[in-house]
Amino acid sequence: MSREGLRFGKGGGLKGFDKATVREALSAHAAIGLLAGALLYLVCLTGTIVVFYAEWQRIEQPAAPEMADIAPQAVQRGVDAVLASEKGKPLTTHLFVHMPVPDLPRTTITTDSQAVHLRADGSIAMPEENAWSDFLLILHYTLHLPSTFGMVLVAILGVMIVALAISGVVAHPRIFRDAFRLRARDTGGVGLADWHNRLGVWTLPFVIAIAMTGAMIGLALITGYGLATSFYKGDMEAVYAPIFGGEGKPDKARGPTPDVSAVIRYMQAHHPGERIGYITLHDPLTAGQHVQIMTIHPNRLIFGEYYMFDARGRLESKAGLSDGAMGQQAAASAYNLHFGNYGGLPVKVAYALFGLALSAMTATGVSIWLAKRRRRGIDQPRLTRAWDAVVWGTPVALILTFLVRQWVGNGAPLIATFWGSLAAILLVSPFVGDGRRFARALQWLLGAGVAAGAMGFVAAL
Amino acid sequence: MAVVAVLLLRRAWGRADRSLSLLGGAWGLMLLGLIAGGVGHGAWGVAMVSLALMLSAFACLAVAGWTAPPDKARPSQRRAHMLPDEGEPLGLGRRVLTFIMTVPLALIASLALGLAIRVLVAASGGGEANANVATLFLTPLLWSILIVLLLLTARRRTQWLMLGAPMLAGGLFIFAGMTP
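Each protein sequence line maps, in turn, to chains G and V.
The first sequence begins at 25 in my numbering and counts up one residue at a time.
The second sequence begins at 6 in my numbering and counts up one residue at a time.
Here it is in structure tokens:
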């Protein structure tokens, strides 16, 4: 921005930003991109892959029983069996029943200490084994850092992406006018810049939507704390109770086994158009226990609606995510909008495509900056190779974790494998003589890894 | 409708001169498509139409990339001024201060504004859920905008004002909202 502030040139509008503002915007764009480049790339790439979280779980454990639906009595049998298996251990605070849904047609029960798949008759089939899918999800959520710090850091990256989008538009006065101009076969630097700018302009709505929702979800730890401290005497639960509904008062005295089948029958009778996605038992087997149902609404952006029942299956309340205050509906929509699970496989494929475009933008942004410096006579081969190591080494390290998961099993050291291999690739990169061959070798490794992973999956089937 | 809008926009932007009718038609159709999606299926409809728009544009880009002739145009030489030239000082202190202003301080200023908005929404009868969600949604958005504005501003004094004003205004509103 010029000394006097943001100025518009002749004609006004985005094209009308004065030269000084455009120059400063390019500086700001480069500063943010270079500061956060590698982490941004990692978060964008893992976000792209984790769009298929449900599908990865099916690939990871193809033998788990699948079903289009499950009878209420079968779910009850499964809950009873899991609770009985934990007799003598400390009571679980929550028990989740994942009900079969189109993209993950499995019934899975998770407690504080175990996760098992059920057969259609409600008997326990096998332990859930989705270590790689969870590894990937946590890498995207927290970069494997301590959860609060990691989530906030990833949220900050979301804020940076929005800032990059705004500064990118200001820094390129012809960005809309040239939106369909792609000189893809230009090798002198224009091609790379065109890819970066065109993908940037056409993914703008997607980028802003996923970055804002991601930042909102991660920063909620800080904004929620601010709200709790300012208006709720430090009670974080009270901040979210008006949005998602409150939790009942705990009463640790012994209680009966909750009647989950009655709850499912009630929902089938009274809300036949809604599909149950999750059943959550809060403090099961205690006097304060209650049953929470999350139902999926077709053709809605909200992730679902919450219904609260007592242990005998009597409806107590509904949160109002589907028809309550605008804020409730908006908050409930943020999750699906971010994860892309609101329109089946076609929407997931579109999200993966746009996610890949966003990853390519973060990768090419730094490459453009390095190439410009090279053209000005400032060649930094080590830095260039280190960036190649990030761009190609990250997917190589990810595919390596997938292969290790296939070879070693669910207990494979995935976090150590990923960060160890990525660190090794980065450490080797400055000592490589030929940068082009180094990048090519990483690309070959990636291709070979994908082929080996696919063959491993076919063999597992 | 969305696909036609993208095709019209491609045609409008591909012309040497500016055709207001073509541009207006393209943007109008795009808007109509989004409204139709919203009227039919609410936020879900708007999201689906937006995806269709972006996919259509990607298809146009794929064609442009596929049919692009081999070229070696002179690339842009615009400098980002991220690193100093030879002989220029690094200015590490200035850079660190800019980082502190744009990351932690701008977050505090945005949070203060976000909380102030919560007070305003609640005071105007917007309801507790709407008020809390307004803070949750607006804080990251305000932070992003503040980062860009700070980085576009050359003068430190103006930057401090940009941070101080929302902190002060937000603080006053929060205090007013906390007072029973």
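Just so it is clear, CB atoms sit at the ideal spot from N, CA and C, and this is done for glycine as well.
Can you find a CB in chain G that lies within less than 8 Å of the CB of residue i?
i, result
"residue 76 of chain V", "yes"
"residue 8 of chain V", "no"
"residue 93 of chain V", "no"
"residue 26 of chain V", "no"
"residue 80 of chain V", "yes"
"residue 185 of chain V", "At residue 185 of chain V, the pLDDT of 49 sits below 50, so the modelled position is not reliable; the number obtained from the coordinates is stated separately. By this cut-off, residue 185 of chain V is not an interface position."
"residue 165 of chain V", "no"
"residue 40 of chain V", "no"
"residue 175 of chain V", "no"
"residue 168 of chain V", "no"
"residue 179 of chain V", "yes"
Taking residue i and residue j to be in contact with their CB atoms under 8 Å, please state how far apart those CB atoms are, rounded to whole angstroms.
i, j, result
"residue 33 of chain V", "residue 42 of chain V", "The pair is not a contact, with the Cβ atoms about 15 Å apart (cut-off 8 Å)."
"residue 157 of chain V", "residue 48 of chain G", "5 Å"
"residue 69 of chain V", "residue 206 of chain G", "4 Å"
"residue 421 of chain G", "residue 453 of chain G", "So it is not a contact: roughly 13 Å between Cβ atoms."
"residue 345 of chain G", "residue 290 of chain G", "Their Cβ separation, rounded to whole angstroms, is 18 Å, which puts residue 345 of chain G and residue 290 of chain G out of contact at 8 Å."
"residue 173 of chain V", "residue 250 of chain G", "The pair is not a contact, with the Cβ atoms about 16 Å apart (cut-off 8 Å)."
"residue 330 of chain G", "residue 349 of chain G", "Contact doesn't hold; Cβ gap of about 14 Å is too wide."
"residue 209 of chain G", "residue 75 of chain V", "5 Å"
"residue 188 of chain G", "residue 70 of chain G", "Incorrect: roughly 18 Å between the Cβ atoms, too far for contact."
"residue 362 of chain G", "residue 241 of chain G", "7 Å"
Leaving out five residues before and five after residue i in sequence, what residues of the same chain have Cβ atoms less than 8 Å from its Cβ?
i, result
"residue 28 of chain G", "In this prediction, residue 28 of chain G scores a pLDDT of 42, lower than 50, which makes its location untrustworthy; no coordinate-derived value is stated."
"residue 351 of chain G", "267"
"residue 310 of chain G", "115, 274, 275, 276, 277, 278 and 279"
"residue 216 of chain G", "388, 391, 392 and 395"
"residue 36 of chain G", "For residue 36 of chain G, the predicted structure reports a pLDDT of 39, less than 50, and the residue's modelled location is therefore unreliable. A value from the coordinates is still provided. Same-chain partners within the cutoff: there are none."
"residue 428 of chain G", "436, 437, 438 and 441"
Can you list the residues of chain V that residue i reaches, using a CB-CB cut of under 7 Å?
i, result
"residue 52 of chain G", "153, 156 and 157"
"residue 263 of chain G", "137"
"residue 247 of chain G", "116, 119, 140, 141 and 144"
"residue 222 of chain G", "66"
Just to confirm my understanding: we take residue i, look at its own chain, exclude 5 residues before and 5 after, and list those with CB closer than 6 Å. What are they?
i, result
"residue 116 of chain V", "144"
"residue 378 of chain G", "227 and 230"
"residue 213 of chain G", "395"
"residue 248 of chain G", "260 and 263"
"residue 30 of chain V", "13"
"residue 182 of chain G", "235, 238 and 239"
"residue 185 of chain V", "Bear in mind that the predicted position of residue 185 of chain V carries a pLDDT of just 49, short of 50, making it too unreliable to give a figure here."
"residue 376 of chain G", "72 and 75"
Are the C-beta of residue i and some C-beta of chain V separated by less than 8 Å?
i, result
"residue 405 of chain G", "no"
"residue 320 of chain G", "no"
"residue 152 of chain G", "no"
"residue 48 of chain G", "yes"
"residue 226 of chain G", "yes"
"residue 229 of chain G", "yes"
"residue 391 of chain G", "no"
"residue 258 of chain G", "no"
"residue 67 of chain G", "no"
"residue 214 of chain G", "yes"
"residue 267 of chain G", "yes"
"residue 210 of chain G", "yes"
"residue 291 of chain G", "no"
"residue 234 of chain G", "no"
"residue 97 of chain G", "no"
"residue 398 of chain G", "no"
Between which residues of its own chain and residue i is the CB-CB distance below 7 Å, once the five residues before and five after are set aside?
i, result
"residue 125 of chain G", "299, 301 and 320"
"residue 92 of chain G", "124 and 129"
"residue 184 of chain G", "56, 60 and 64"
"residue 124 of chain V", "178, 179, 181 and 182"
Under a Cβ-count criterion, where at least 16 other Cβ atoms within 10 Å of its own Cβ denotes burial, should residue i be classed as buried or exposed?
i, result
"residue 136 of chain V", "buried"
"residue 224 of chain G", "buried"
"residue 96 of chain V", "exposed"
"residue 221 of chain G", "buried"
"residue 436 of chain G", "buried"
"residue 104 of chain V", "exposed"
"residue 360 of chain G", "buried"
"residue 84 of chain G", "buried"
"residue 532 of chain G", "What is shown of chain G runs 25 to 485, which leaves residue 532 of chain G out entirely."
"residue 404 of chain G", "exposed"
List, in chain order, every chain V residue whose beta-carbon is nearer than 9 Å to that of residue i.
i, result
"residue 324 of chain G", "46, 47, 48 and 49"
"residue 217 of chain G", "80 and 81"
"residue 366 of chain G", "49, 52 and 53"
Residue i versus chain V: which residues are under 8 Å apart at the beta carbon?
i, result
"residue 282 of chain G", "Correct list: empty, because the minimum Cβ distance to chain V is about 28 Å."
"residue 190 of chain G", "149, 150 and 153"
"residue 207 of chain G", "73, 76 and 78"
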